[in-house]
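Since the structure comes first, as C-alpha cells, the remarks are kept for the end.
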Amino acid sequence: MPVTLDANEGSPNQSPPAEPPAEASLGINAGRLRDSLIALSRFGAHPGGGAHRFAFSKEELAARAWITGEMESAGLKVRTDPAGNLFGRREGKESLPAILFGSHLDTVPQGGHYDGTLGVLGALEVLRALGEQRIETRHPLEMVVWCDEEGAHFGNGLFGSRAATGAVHDGELDRLGEDGLSLHEWIERYGLDPKALERAVLDPRRVRAVFELHIEQGGNLEREGCKIAVVEGIVGIHRFEVNVGGFQNHAGTTPMAERKDAMLTAAHLIVAVHQEIRALPGDQVGNVGQLAVSPDAANVVPGAVRFPIELRDLKDEVVDDIIERIGARGDRLAAETDCTVRVHRTLREPPAGMDPGLRALLYKLAREAGHEPLSLPSRAGHDAQNTARHGIPTAMIFVPSRAGISHNPDEWTSWEDCARGVDLLRRAVLAVDTA
C-alpha cells in the first residue's frame, strides 16, 4: 500500500494518536509539526500515493498560498524575491546578518511527502516555538522556501537557490515546459518581474549562516541505528557522453565474427564503468541510465550507440581518475571490436563542502541532545550547495529515511525522527545567534 500521510505514520485505517511520541526535552511542538506535514501533503496528493507537486504548477501555487498564510499567522514578515523564493523574517534585537534556514515544497513526479517539506515546515516550527517561548534573538531569523529545487517542470533543478547565488544559465527563462509556457511566463504568473532576477542574489555579508534540514534519502542512518547525520559536503556531479560507432548491417546475413556491433561494445563499456568505480576505495558512485541505439531495430546490427555516464564524489580528482580509467578501457574495446569509442564531458558541477565550524557545532549539539551523529556526504543535490558555493557558511542535518527510499510514494520518516531533526535545527539557530 503506498504511504499516505496521517497522524498514525502512514496507516490510513487507524485514528490518530493525541500526540506523537517524542522526548520531553524537545523545544518544539511535535504535534503541530506533524499536523503541518499532514496539511501540506494534501496539496498535489496523488491518487496512487505520494505527492505530485511540480514547481510552477497550480498545485504548487496552492501550496505556496497555504504556507504564506501559515508564515503570516506566525507573525513573520513574508516576501517573495524575483526568482519566486519565499522568505519569512523574524527581526532580531541587533542589526546583524540574518540566520537563514529552510528547504523546498516542490516534488518529483509522484514523489514522497518528506523530501524538502520537512525542512520548510521544520523551519516554520522553529520560528513558531521561539515566538511562543518569547525568545528574542540578536540576529534576524529567516525561513526560506526555495523555488523549483527538483526541476521537474523545466529540467534544471535548484532554480531558486541558483538565482539567489547568481548561477542562472543564459536562456534558461525561455525554456518551455510541457504546458507550453516558458519559465519567464511562469515567473510572471507568480506576479514577479523576470527582468529583475538579478535582485534575487543574496549578499553573503548579510547572511550569517544557512541551515537545511532534510531526510537522508539513503539508508546509512537506518543501517547504523543512528538518528542524526551531519553532512560533510554535497558531492560533485559529473556527466559524460559516450558515442560508440560500429557498422549498421543485416542481423540475419552478417556472420557474428564479421560484425562491428556498436551495442556489444557499448555493453562491455557499461560493465567497465561499474567495475572501475567499484575497484577504487571510497563511496564514489556512478550510473548509466539511458541508451540511444541507432537504428534501433531488432533485425539490424546497431551502427551507433550513445549513452551518458554520471559520476558523483566529494573529490573531483576521484572522478577524474575514474573517467580516465573508463576512457582507457574504451580505447582497448575499440581496438578489439573494430568500433570507435569517444567520451566527452557534458557537465562538471563541483562538490560543495559544508562549513567546518557549523559542522562541529552540530556534532556538539547533537551529542548534548543524546545522539551520536554520523558524518555523511550527500549524494543528492540540495539548495545548500549553492549557498555554500556563494561563500555563505552552510550546514545540513539529515534524519533517517526508512529503507533508504526517496523520490517514491513510500518515502517515510517517523514523526519522532522528524521532531528530533527540527529540535536540532532550533538548537543550532540559537547557538549561532549567541556565539
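Just so you know, the working numbering puts 1135 at position 335 of the sequence shown, and the rest follows in order with no gaps.
Even glycine gets a Cβ: it sits at the ideal position worked out from N, Cα and C.
Got a sec, what are the start and stop residues for the beta strand (DSSP E) residue i sits in?
i       : result
His1144 : 1140 to 1149
Trp946  : 941 to 946
Gly1036 : 1036 to 1045
Ala952  : That residue, Ala952, is in no beta strand (DSSP E); it is neither H nor E in DSSP.
Leu1176 : 1174 to 1178
Ala1092 : 1092 to 1094
According to DSSP, is residue i helix, strand or coil?
i       : result
Asp1223 : helix
Ser1003 : Looking at the sequence provided, one finds Asp at residue 1003 rather than Ser. It is coil, neither helix nor strand.
Asn1186 : helix
Val1105 : strand
Arg989  : helix
Thr1194 : strand
Gly1153 : strand
Gly1033 : strand
Glu978  : coil
His1050 : strand
Pro1209 : coil
Leu1111 : strand
Val1199 : strand
His1014 : strand
Ala1169 : coil
Ala1009 : strand
Val968  : coil
Val1100 : strand
Determine the direct distance from the alpha carbon of residue j to that of residue i, and round the result to whole angstroms.
i       : j       : result
Arg1052 : Asn1099 : The sequence shown places Gly at residue 1052, rather than the Arg named in the question. Approximately 7 Å between the Cα atoms of the pair.
Phe1047 : Met1056 : 13 Å
Ala851  : Asn1208 : 9 Å
Met801  : Arg834  : Its pLDDT being 35, under 50, Met801 is placed unreliably in this model, and the value from its coordinates should be taken loosely. Computed Cα separation, rounded: 21 Å.
Gly1025 : Leu900  : 30 Å
Glu819  : Leu918  : A caution first: Glu819 carries a pLDDT of 49, below 50, which makes its placement in the model too unreliable to give a value.
Thr1213 : Leu1013 : 13 Å
His743  : Ser1178 : Because residue 743 is not part of the residues shown, which for the chain are 801 to 1235, the question remains open.
Gly1017 : Arg1112 : Before going further, note that residue 1017 is Gln rather than Gly in the sequence given. Gln1017 and Arg1112: Cα-Cα distance of roughly 15 Å.
Gly1181 : Gly1019 : 17 Å
Leu905  : Arg853  : 8 Å
Gly966  : Pro882  : 12 Å
Ser857  : Arg975  : 15 Å
Leu876  : Glu932  : 13 Å
Val1007 : Val1031 : 20 Å
Gly1130 : His1050 : 25 Å
Ile1197 : Val920  : 13 Å
Ser982  : Ala1152 : 30 Å
Gly1204 : Glu1022 : 8 Å
Gly1191 : Asp1003 : 9 Å
Ile838  : Gly831  : 11 Å
Glu925  : His1068 : 52 Å
Pro812  : Ala855  : Note that Pro812 scores a pLDDT of 31, beneath 50, so its modelled location is shaky and nothing firm can be said.
Val1042 : Arg1148 : 15 Å
Val1105 : Phe1040 : 14 Å
Leu826  : Cys1218 : 11 Å
Which first and last residues belong to the alpha helix (DSSP H) in which residue i is found?
i       : result
Pro1081 : Here Pro1081 belongs to no alpha helix (DSSP H), and DSSP marks it neither H nor E.
Phe959  : 959 to 964
Thr1137 : 1116 to 1137
Val926  : 917 to 932
Gly1020 : The amino acid occupying residue 1020 in the given sequence is Asn; Gly does not appear at that position. Asn1020 -> alpha helix (DSSP H) spans 1020 to 1024.
Can you give the beta carbon distance from residue i to residue j, rounded, assuming they're within the 8 Å contact cut?
i       : j       : result
His846  : Gln910  : 5 Å
Leu1225 : Gly922  : 6 Å
Val1232 : Ala1009 : 5 Å
Pro1193 : Gly1157 : 7 Å
Ala1228 : Leu1161 : 6 Å
Gly977  : Pro1150 : 28 Å between Cβ atoms; not a contact.
Glu1110 : Gly1086 : 6 Å
Leu958  : Glu972  : About 11 Å separates the two Cβ atoms, so there is no contact after all.
Gly892  : Leu941  : 7 Å
Gly1027 : His1171 : Correcting the residue type first, residue 1027 is Lys in the shown sequence and not Gly. Confirmed, Cβ separation roughly 5 Å.
Discussion item. Please give the ranges of any beta strand (DSSP E) in the stretch 831 to 914, keeping only runs that are unbroken, at least 3 residues long and fully inside the region.
Written reply: Runs of the beta strand (DSSP E) inside the stretch 831 to 914: 877 to 880, 886 to 890, 898 to 904.
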